[in-house]
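Order-wise, the sequence lines are chains A and B.
Sequential numbering of the first sequence, starting at 1, is according to the working numbering.
Sequential numbering of the second sequence, starting at 244, is according to the working numbering.
Ideal placement from N, C-alpha and C gives every residue a C-beta, glycine not left out.
There are 2 protein chains.
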Amino acid sequence: MIDIIAFDADDTLWQSESLYFQAQREFEELLAPYHGDNGVVDALYETEIGNLPYYGYGIKSFALSMIETAVHMSDAKIDGRDIQRIIDLAKEMLSAPVQLLDQVEEVIAALSESYPLMVITKGDLVDQEAKVARSGLASYFSAVEVVSDKTPDVYRAVLAKHHLDPGSFLMVGNSLRSDILPVVSLGAQAVHIPYHITWEHEKVPEAAGQAAEFLEIEHIGLLLELVAKLEQGAQPESQPQRT
Amino acid sequence: MIDIIAFDADDTLWQSESLYFQAQREFEELLAPYHGDNGVVDALYETEIGNLPYYGYGIKSFALSMIETAVHMSDAKIDGRDIQRIIDLAKEMLSAPVQLLDQVEEVIAALSESYPLMVITKGDLVDQEAKVARSGLASYFSAVEVVSDKTPDVYRAVLAKHHLDPGSFLMVGNSLRSDILPVVSLGAQAVHIPYHITWEHEKVPEAAGQAAEFLEIEHIGLLLELVAKLEQGAQPESQPQRT
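Encoded structure:
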C-alpha cells in the first residue's frame with residue numbers, strides 16, 4: 001500500500017521557523033532606533049512576499065529582504081554596522097546546529113527498516129543539503145529533493161522522476177499549504193504534523209484545509225502506529241481525519 | 244556509445260558571466276566615492292570565496308557578498324541608497340533576459356532528435372529554473388539538475404539517480420573545473436567549449452587541464468559534427484585533444 005514515505009524537513013524533522021522568529025526579533029530591535037517597533041514585521045513580510053519571484057525561499061532571500069526593509073524603514077539612514085549585523089544574523093542562521101524535533105531520530109530509523117524514505121524540502125539548495133548532512137539523518141534517506149516551490153506540478157515531477165505512483169506515496173509535513181494539500185490533490189496520502197509556529201505565508205484558509213482528506217497527528221512519535229494502521233487498511237479512528 | 248548528453252547552462256547555453264562582470268563594474272563605480280577604484284574587485288572576490296561555505300553559488304550569494312564588501316570597504320559609511328542600488332542590481336540580474344549563445348538553439352534542437360538531453364547546472368535553484376524556463380529550451384531537456392557544487396561525487400549521484408553509465412555519458416560545458424575534470428575523472432566523456440570570460444574561481448592550473456583527456460571545440464556550432472565522429476568511433480582529428 002505504501003511504497004515510499006517522504007518527509008518535509010524544516011519544522012517537520014528539525015526546528016527552522018524558530019530561527020527565523022528569533023532573527024526577526026533581533027531585526028526589530030535593530031530597527032527600533034530608526035523607526036520604533038511598529039510595523040517592522042509586517043513590512044518585512046511584505047518585502048519577502050514581493051521578492052519571492054526574484055529570490056524564492058530560504059535564508060539568503062530572508063537576509064536580502066531584511067536588508068531592503070532596513071533601508072526602506074530607516075529612510076536609507078541605516079548604519080553600515082547594522083547592515084553587517086543583519087548579514088551576520090543570516091550567517092548564524094545558516095550555520096546553526098540542526099535541532100531535531102523530539103523522537104525524529106528513532107521514528108526515522110524505525111521506518112527506514114521497512115520503507116525507502118526521502119526528503120522533499122523547499123528553500124536554498126546549499127542550506128538544505130547542509131542541514132541534511134548536519135542532521136545525522138542522511139543515511140536513512142534514499143533521496144533528498146530540494147525544490148523551488150511545493151506545487152502539485154512540482155510533486156508530480158518528483159514522483160515521475162522516481163517512477164512513483166501517487167497511490168502508494170505518503171508525504172509527512174507540517175505545512176498544509178506545501179506538504180499536504182498539493183500531495184492530496186494528486187491522489188497521494190498525507191500526514192499533517194502541525195508545528196507551533198507557522199510562517200504567515202504557509203497558512204491556508206480553514207475551508208481549504210477542511211475540503212481535503214488527510215490525516216493529522218500531534219507529533220511524529222505517533223507516526224509508526226499510524227503507518228501500521230494504514231498498511232492494515234484500517235481507518236485510523238484514533239486520529240483526527242478531516243473530510 | 245552515447246546514451247545521453249548533458250549541458251552546463253551558464254556560459255555554455257546562455258550568457259551569465261557577462262552579467263556578473265557588468266554588475267561588478269557598476270559596483271566599483273558605486274564604491275569609488277568611499278574608497279577609490281583600487282582593490283574593489285579583489286576584495287569582493289575574497290568575500291565571495293569566504294562566503295561560499297555559507298551561501299553557495301549564485302546571484303543572491305553575489306549580492307550578499309557585494310553588500311558585505313561595501314560595508315567593509317566604506318568603513319561602514321556606505322549610504323543606505325547605495326545598499327538599495329546593490330539590491331536592485333541583483334534583481335536586474337535575476338530578471339535579465341536570457342541571451343542564448345550563438346547557434347545554441349539549432350544545435351540543441353538537432354541533438355534532441357537523436358539523444359535525451361539534460362542540464363546540469365550549479366547556482367540558485369530558483370534562478371536556474373527560471374532561466375531554463377525563460378530560455379525557450381525547456382522542452383528539449385528530459386531533466387534539469389540544479390546542484391550545489393560540481394564535484395565528482397555530485398556527478399556520481401546524478402548519474403546514479405538517472406541510472407546512467409559514465410561510459411556512455413557526455414558532458415558539455417565551459418568550465419574545466421566544474422564541467423570537464425570531475426566528469427572525466429568518472430570515466431565519462433566531456434567536451435570543453437571555452438567562454439571568453441571565466442570567473443577566477445573556475446580557473447584551474449594549466450597542468451590539471453593538460454593531465455585530463457577531453458575534447459575541446461571553439462563554439463557549440465561544432466558539436467553536431469563532433470558527436471557524429473564520436474559515434475563512429477573515429478578519433479576526431481580536427482579537434483584539439485589534450486592528453
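Judged by beta-carbon spacing, residue 125 (chain A) lies within the 8 angstroms limit of residue 146 (chain A), meaning their Cβ atoms are closer than that value. When DSSP states are grouped into helix, strand and coil, residue 416 (chain B) belongs to the strand group. Contact annotation: residue 245 (chain B) and residue 470 (chain B) have beta-carbon atoms nearer than 8 angstroms. Comparing alpha-carbon positions, the option among B:253, B:290 and B:350 lying closest to residue 466 (chain B) turns out to be B:350. Apart from the 5 residues on each side of it in sequence, residue 6 (chain A) sits with its Cβ closer than 6 angstroms to the Cβ of 118, 120 and 171 in its chain, given in chain order. Within the model, the alpha-carbon separation for residue 8 (chain A) versus residue 128 (chain A) is close to 11 angstroms. With the rule of 3 Cβ pairs closer than 8 angstroms, the segment 55-67 of chain A counts as touching the segment 292-306 of chain B. For residue 400 (chain B), the enclosing alpha helix (DSSP H) covers residues 395-404. Taking the CA atoms as reference points, residue 94 (chain A) sits about 26 angstroms from residue 374 (chain B). Counting only runs of at least 4 residues, the segment 102-153 of chain A fully encloses the following alpha helix (DSSP H) elements, listed from N- to C-terminal order: 104-112 and 125-135. The C-beta of residue 165 (chain A) comes no closer than 8 angstroms to any C-beta of chain B.
Not a single C-beta of chain B is nearer than 8 angstroms to the C-beta of residue 31 (chain A). Within 8 angstroms of the CB of residue 391 (chain B), the CB atoms of chain A belong to 125, 126 and 129, in sequence order along the chain.
For residue 292 (chain B) and residue 38 (chain A), the gap between their C-alpha atoms comes out near 38 angstroms. Interface residue (Cβ-Cβ distance to chain A less than 8 angstroms): residue 396 (chain B) is not classified as such. DSSP, read as helix, strand or coil, puts residue 341 (chain B) in coil. Looking at the backbone, the Cα of residue 149 (chain A) and that of residue 277 (chain B) are separated by about 40 angstroms. In the three-state reduction of the DSSP assignment, residue 258 (chain B) falls in the coil class.
Looking at the DSSP output, residue 459 (chain B) bridges to B:435. By the criterion of at least three beta-carbon pairs nearer than 8 angstroms, the segment 70-78 of chain A is not in contact with the segment 96-116 of chain A. Taking the C-beta atoms as reference points, residue 330 (chain B) is found nearer than 8 angstroms to residue 64 (chain A). Note that the C-beta distance between residue 468 (chain B) and residue 435 (chain B) is not below 8 angstroms. Judged by DSSP secondary structure, residue 70 (chain A) falls within the alpha helix (DSSP H) whose first and last residues are 59-73. Taking 8 angstroms as the upper bound on Cβ-Cβ separation, chain A lies near residues 324, 326, 327, 330, 333, 334, 337 and 338 of the segment 324-338 of chain B.
Interface flag for residue 67 (chain A) against chain B is set, since a Cβ pair is found closer than 8 angstroms.
Ranked by Cα distance from residue 166 (chain A), the first of A:179, A:188, A:180 and A:173 is A:188. Residue 54 (chain A) belongs to the set of residues whose beta carbon lies under 8 angstroms from a beta carbon in chain B. Looking at the DSSP output, residue 264 (chain B) bridges to nothing. Nearest C-alpha to residue 19 (chain A) among A:41, A:163, A:105 and A:99: A:99. Within the same chain, 455 come within 6 angstroms of residue 424 (chain B) by CB-CB distance, once the 5 residues on both sides are set aside. For residue 307 (chain B), the residues of chain A that pass the 8 angstroms Cβ criterion are 60, 63, 64, 87 and 90, in the order they occur in the chain.
The beta carbon of residue 21 (chain A) sits closer than 7 angstroms to those of 197, all from its chain and outside the five residues before and after it, given in chain order.
In terms of CA proximity to residue 385 (chain B), B:358 leads the group B:377, B:411, B:457 and B:358.
The three-state reading of DSSP puts residue 249 (chain B) in strand, counting E and B together.
In the DSSP assignment, residue 78 (chain A) falls outside any alpha helix (DSSP H), carrying neither H nor E. Here DSSP, grouped into helix, strand and coil, assigns residue 1 (chain A) to coil.
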